[in-house]
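A.B. asks:
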Amino acid sequence: MTDSTEKDKTGTDSTGADSTGADSTGTGSTRTGSTATDSTAPGSSESATTVQDNSRAPSRRSLIGWGGAGLALGAAAAGGAMAMATTGGDAAPVAADAGAPVAFHGAHQAGIATAVQDRLHFAAFDVKTDDRAEFVRMLKDWTAAARRMTAGKAVGEGAYGGPAEGPPDDTGEALGLKPSRLTLTVGFGPSLFERFGLADARPEALVDLPQFAGDNLDRARSGGDLCVQACADDPQVAVHAIRNLARIGFGKVAVRWSQLGFGKTSSTTPEAQTPRNLMGFKDGTRNIAGTDTAGLKKHVWVAESDGADWMAGGSYLVARRIRMHIEPWDRASLQEQEDVFGRDKGEGAPVGRAKEHDEPFLKAMLPDAHVRLAHPDSNNGAKILRRGYSFTDGTDGLGRLDAGLFFLAYQRDVRTGFIPVQRNLATDALNEYIQHVGSAIFAVPPGVRDADDWWGRTLFSSTKGA
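Okay, here's the thing in structure tokens:
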């Protein structure tokens, strides 16, 4: 989350409200007054493993190939030459330089507390099959493919060299590329629990998000039965991962919507330089750190006592596409911009303070300043872990950039995390310059423990028909 007071991608604060502020309800008030400021968790699946880039499986591919039923893929975990150690998810900077892998196995899924990578490809899927066994088979196939791709290996037996009569197992665009710290994180939407006899397993915390003031949601960019979040330091590696999973799932699932992201807007490595959002302000000053075991346990990881045993070690993800009204923002005065956020644009210091990490004095900010409203002290201590990304998707046809923040926030319970914070941001001055146009919520199950485990096992093995 951004600093305890920080804004999400667009600038929410540590509290985790969308970094762009609450619902895009824009208060069109003219800013006056306020002065400008002066002047993974241990045991997580995010630790690294030793692997060799783009190695190929030695056995021949069956003619059925990837994407067909009965796929048999050796779930060999990675082995090889390059090693990198991390615990709980935050890799050292040298890891990114080396294009190193992030471990796939662990108590928690990688891509949550993991050090935030530079690029994102996020996809939500609709389920197209009514056959539970077929869907479970797909999840196992996805897991096996993800295990290889995150280790820098090709899917199945690779993109070439197999039988000419059938399509190759891998699409091939990542050949020769390093793992680039690729992480793949899977989540299940509320609508999935209407299928496969899963109704009784839906967690109470997996609520349908309410309508927030100012929302203008596009149904075509909202919802989904399940999602995959692919993060990497190389955009082609992230796109390759989603493409291959979509191909493997053909006939069982179909992409509902997807989003590309660049320029992380939040960080889980507080010792690194704080990134800036498209409004030019530092974002994520006090986000939960991937090494903050106590903070992750309290605010991010679901506990066995929370009510859904199969979710223990998992988390809840809120994804919001937040359009920024870039053109009006760029015409606003510097004083106006700093008043809106409650921080100065250069150093990132809160109003009346000198340094970015100085404790904010909330009462020195205007009542509708984003940092003031999003701060945990204004939200009963609520915090969320944010992993937002900037996006630009061309223009809106009216000469304006379609740009903003793709807000991603993980928390232990949405009812005590995102929802109350977002409601508190209803009067946020930032709402004049943003609007929430897409929305989804997902239950993110615990990590894949070993080579015999698979995404969703805890859910499907605990329900009828497993």
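Here this note's numbering is used: the first residue of the sequence shown is 2, the next is one more, and so on.
Idealized CB from N, CA, C, for every residue including glycine.
None of these values were measured; they are calculated from a predicted model.
1. Determine the closest residue to L218 out of A452, Q436, F392, G382, with distance taken between C-alpha atoms.
2. What does M366 pair with, by DSSP beta-bridge criteria?
3. Closest to T393 by C-alpha separation, out of L279, D453, Q212, A452, would be which residue?
4. My understanding is that R138 touches F105, with C-beta atoms under 8 Å, so please give their C-beta distance in whole angstroms.
5. Can you tell me whether F392 is helix, strand or coil according to DSSP?
6. Which residue marks the beginning of the alpha helix (DSSP H) containing G112, and which one marks its end?
7. In chain order, what residues of the same chain lie with their CB nearer than 6 Å to the CB of L374, ignoring the 5 residues before and after it?
8. Would you tell me roughly how many angstroms separate the C-alpha atoms of D216 and A441, rounded to the nearest one?
9. If I follow the unbroken alpha helix (DSSP H) through F419, where does it start and stop?
10. Find the nearest neighbour of R324 within the set D293, Y390, F123, G157, judged by alpha-carbon distance.
11. Exposed or buried, what is F362 when buried is set at 16 or more other beta-carbons lying within 10 Å of its beta-carbon?
12. Flag this pair as touching only if the region 226-237 and the region 251-269 have three or more C-beta atom pairs under 8 Å; answer yes or no.
13. Confirm, please, whether the CB-CB distance from E337 to G349 is below 7 Å.
14. Of the choices F282, R413, K129, whose alpha-carbon is the least far from that of K299?
15. Have a look at F251, P204, V208, D378 and flag the residue whose alpha-carbon is nearest the alpha-carbon of L140.
16. Going by C-alpha to C-alpha distance, which of D142, P446, Q118 sits closest to W302?
17. The alpha helix (DSSP H) that contains L199, what's its start and end?
18. Distance check for G439 and L207, CA to CA, integer angstroms please.
19. Comparing the C-beta of N381 with each C-beta of chain C, is any distance below 7 Å?
20. May I ask you to report which of helix, strand or coil DSSP gives P191?
21. Could you tell me whether the region 303-317 touches the region 447-464, using the rule of 3 or more Cβ pairs below 8 Å?
22. In chain order, what residues of the same chain have a beta carbon less than 7 Å from the beta carbon of G112, not counting five sequence neighbours either side?
23. Would DSSP call H358 helix, strand or coil?
24. Taking the alpha-carbon positions, what's the C228 to R450 distance?
25. Once DSSP output is grouped into helix, strand and coil, what is the label at Y161?
26. Quick check on the DSSP output: the alpha helix (DSSP H) that includes R244 runs from which residue to which?
27. How many Å lie between K384 and T417 at the Cα?
28. Quick one: give me the first and last residue of the alpha helix (DSSP H) that W330 is part of.
29. From K283 to R277, what distance separates their C-alpha atoms?
30. Tell me the rounded alpha-carbon separation between G364 and H376.
31. Assuming A190 and D226 are in contact, meaning their beta carbons sit under 8 Å apart, how far apart are those beta carbons, in whole angstroms?
32. Am I right that K253 and F443 are in contact with their C-beta atoms under 8 Å? What's the rounded C-beta distance?
33. Between which two residues does the alpha helix (DSSP H) containing W143 stretch?
34. Here's the rule: buried if 16 or more other CB atoms are within 10 angstroms of the residue's CB, otherwise exposed. What is E158?
35. To the nearest whole angstrom, what separates the beta carbons of H122 and A239, a pair I think is in contact under 8 Å?
36. Just to confirm my understanding: we take R182, look at its own chain, exclude 5 residues before and 5 after, and list those with CB closer than 8 Å. What are they?
C.D. replies: With the structure as the only source:
1. Q436
2. DSSP, once it has assigned bridges, lists no residue as partnering M366.
3. L279
4. Wrong, their Cβ atoms sit about 19 Å apart, outside the cutoff.
5. strand
6. Run containing G112: none; DSSP gives neither H nor E here.
7. N425, L426, D429
8. 13 Å
9. 419-425
10. Y390
11. exposed
12. yes
13. no
14. R413
15. F251
16. P446
17. No alpha helix (DSSP H) contains L199, which DSSP labels as neither H nor E.
18. 18 Å
19. This model lacks chain C altogether, as it is built from one protein chain only.
20. helix
21. yes
22. T184, L185, T186, Q230, C232
23. coil
24. 20 Å
25. coil
26. 236-249
27. 9 Å
28. 327-332
29. 4 Å
30. What sits at residue 364 in the sequence shown is Lys, not Gly. The alpha-carbon atoms of K364 and H376 are separated by roughly 12 Å.
31. A small fix is needed here, since residue 190 is Gly in this sequence, not Ala. With 8 Å as the limit, G190 and D226 qualify as a contact, their Cβ atoms being about 5 Å apart.
32. Rounded, the Cβ-Cβ distance is 18 Å, inconsistent with contact.
33. 133-150
34. buried
35. 4 Å
36. A92, A96, A97, G100, A101, P102, V103, T115, A116, Q118, C232, A233, D234
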